[in-house]
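Engineer:
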């Protein structure tokens, strides 16, 4: 939005909850260019929000996409986006940056404790509530690592539970090193969360986890659980519009479309539908990192200029 608006494009940004998406919920991002001491996801997203508005981007929050009509797509056509409140937006191009929704593990009573001890993010508020207490972080990706390091500054103990044998395949090396150097973070491999204990009055009061290799279960009086077990692409609103997905539901773009776009040779970040681009976590093959998503967004703006220029070569 910042790059597109600053280059004179008319930009409308939609977000169904709040600006920033999953990145905005990250406790601390330490590998983003220009912030050597790190920055919270909320602060980074807030700066981008203000900057986009400065250049004239129109930001609608809350505004949720319900369906994309691509029946008139092409150089001489338009795309029609229907919102859940029945409003419609028309555009020559659309950039899909809907990211992914938090995955919910199959743990009994999970919904009962969401917001009452179970969280999908770790902000300063959650950290304050965990001061001096033991907490559990479930997941082995960067979001989990960032949360664990951040929470360890406030909690007495942080347990990281992962189903695999190590963090090497799923987490950046700098975070693994940071975790290894933090004495009050304990990694439990081959371990899964199995039970949540508590009631409506007190909320979460204890958790049980199980080592899959030994079968040994352990119950601890822990009142705060943070879940970072991955996410599923937010692409249901694109069903039926001609955009093609990989086997996991992520949007295919560029050469990855492998002939699926009949009569259309998609640009590197363009989907099988002309004028519909995808960037960030929702795109198949993306690196699933904040810096990567922003880089793809900037590249998409250049591709949009090329696409629009092809439609009006004399302008």
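In the working numbering, the protein residues as written are -1 to 313.
Even for Gly, the Cβ is constructed at its ideal location relative to N, Cα and C.
Go through its chain and collect everything with a Cβ distance to residue 165's Cβ below 6 Å, but skip five positions before and after it.
Structural biologist: Here the question's residue 165 lines up with position 167 in the chain shown. For residue 165, where only same-chain residues beyond five positions count, the Cβ hits under 6 Å are 138, 174.
Engineer: With distance defined between alpha-carbon atoms, name the residue in 302, 194, 235 nearest to residue 104.
Structural biologist: Residue numbering aside, residue 104 sits at position 106 when the chain shown is read from its first letter. Looking at the Cα atoms, 194 is the closest of the given residues.
Engineer: Are residue 243 and residue 145 close, meaning C-beta to C-beta below 9 Å?
Structural biologist: Sequence index remark: in the chain shown, residue 243 carries index 245 (1-based). Sequence index remark: in the chain shown, residue 145 carries index 147 (1-based). Their beta carbons are not under 9 Å apart, which means residue 243 does not touch residue 145 by this criterion.
Engineer: Select from 271, 95, 31, 224 the residue whose C-alpha is nearest the C-alpha of residue 252.
Structural biologist: To locate residue 252, count along the chain shown from 1; it is residue 254. Answer by Cα proximity: 271.
Engineer: Taking the straight line between their C-alpha atoms, what separation do you get for residue 47 and residue 220?
Structural biologist: One-based indexing of the chain shown puts residue 47 at position 49. One-based indexing of the chain shown puts residue 220 at position 222. Approximately 36 Å between the Cα atoms of the pair.
Engineer: Of all the options 26, 296, 246, which has the alpha carbon lying nearest to the alpha carbon of residue 231?
Structural biologist: Your numbering for residue 231 matches position 233 in the chain shown. Of the candidates 26, 296, 246, the one whose C-alpha sits nearest the C-alpha of residue 231 is 246.
Engineer: Identify the continuous beta strand (DSSP E) that holds residue 100 and give its terminal residues.
Structural biologist: To locate residue 100, count along the chain shown from 1; it is residue 102. Segment 98 to 100, the beta strand (DSSP E) holding residue 100.
Engineer: Classify residue 40: buried if its beta carbon has 16 or more other beta carbons within 10 angstroms, exposed otherwise.
Structural biologist: Reading the chain shown from its first residue, position 42 is the one you call residue 40. So residue 40 counts as buried.
Engineer: Taking residue 274 and residue 68 to be in contact with their CB atoms under 8 Å, please state how far apart those CB atoms are, rounded to whole angstroms.
Structural biologist: Position 276 of the chain shown holds residue 274. Position 70 of the chain shown holds residue 68. The Cβ separation is near 7 Å, so the contact holds.
Engineer: I'd like to confirm the pairing. Which residues does DSSP put opposite residue 191 in its beta bridges?
Structural biologist: Mapped onto the chain shown, residue 191 falls at position 193. In DSSP, residue 191 forms a bridge with 207.
Engineer: DSSP puts residue 196 in a beta bridge; with which residues?
Structural biologist: Here residue 196 is taken as the residue at index 198 of the chain shown, counted from 1. Answer is 202.
Engineer: Looking only at DSSP bridge pairs, what is residue 230 linked to?
Structural biologist: Numbered from 1 along the chain shown, position 232 holds the residue referred to as residue 230. In the DSSP assignment, residue 230 is bridged to 99.
Engineer: In the DSSP assignment, the alpha helix (DSSP H) including residue 108 goes from what residue to what residue?
Structural biologist: Mapped onto the chain shown, residue 108 falls at position 110. It spans 108 to 111 - the alpha helix (DSSP H) in which residue 108 sits, taken as one unbroken run.
Engineer: Can you tell me whether residue 154 is buried or exposed, with buried defined as 16 or more other CB within 10 angstroms of its CB?
Structural biologist: The residue you call residue 154 lines up with position 156 of the chain shown. Result: exposed.
Engineer: Within the continuous alpha helix (DSSP H) that includes residue 183, where are the two ends?
Structural biologist: The count along the chain shown starts at 1 and reaches residue 183 at position 185. Careful: residue 183 lies outside any alpha helix (DSSP H), inside the beta strand (DSSP E) at 183 to 186.
Engineer: Tell me which residues share the same chain as residue 302 and place their Cβ nearer than 6 Å to its Cβ, disregarding the 5 neighbours each side in the sequence.
Structural biologist: For this step, residue 302 is matched to residue 304 along the chain shown. Answer for residue 302: 91, listed in chain order.
Engineer: Sorted by chain position, which residues of the same chain lie with C-beta nearer than 7 Å to residue 82's C-beta, five sequence neighbours on each side aside?
Structural biologist: The count along the chain shown starts at 1 and reaches residue 82 at position 84. In its chain, beyond the 5 residues on either side, 62, 64 have a beta carbon closer than 7 Å to the beta carbon of residue 82.
Engineer: In this structure, how does DSSP classify residue 218 when only helix, strand and coil are distinguished?
Structural biologist: The residue given as residue 218 occupies position 220 in the chain shown. Correct three-state label for residue 218: strand.
Engineer: Tell me, please, whether the stretch 196 to 205 touches the stretch 25 to 35 by the rule of three or more beta-carbon pairs shorter than 8 Å.
Structural biologist: no
Engineer: Below 9 Å between beta carbons: does that hold for residue 149 and residue 189?
Structural biologist: Position 151 of the chain shown, counted from the start, is the residue given in the question as residue 149. Position 191 of the chain shown, counted from the start, is the residue given in the question as residue 189. It is not a contact, given that the beta carbons lie outside the stated cut-off.
Engineer: Have a look at residue 141 and residue 171 and give me their C-alpha separation to the nearest angstrom.
Structural biologist: One-based indexing of the chain shown puts residue 141 at position 143. One-based indexing of the chain shown puts residue 171 at position 173. The straight-line gap from Cα to Cα measures roughly 13 Å.
Engineer: Would DSSP call residue 241 helix, strand or coil?
Structural biologist: The count along the chain shown starts at 1 and reaches residue 241 at position 243. Coil.
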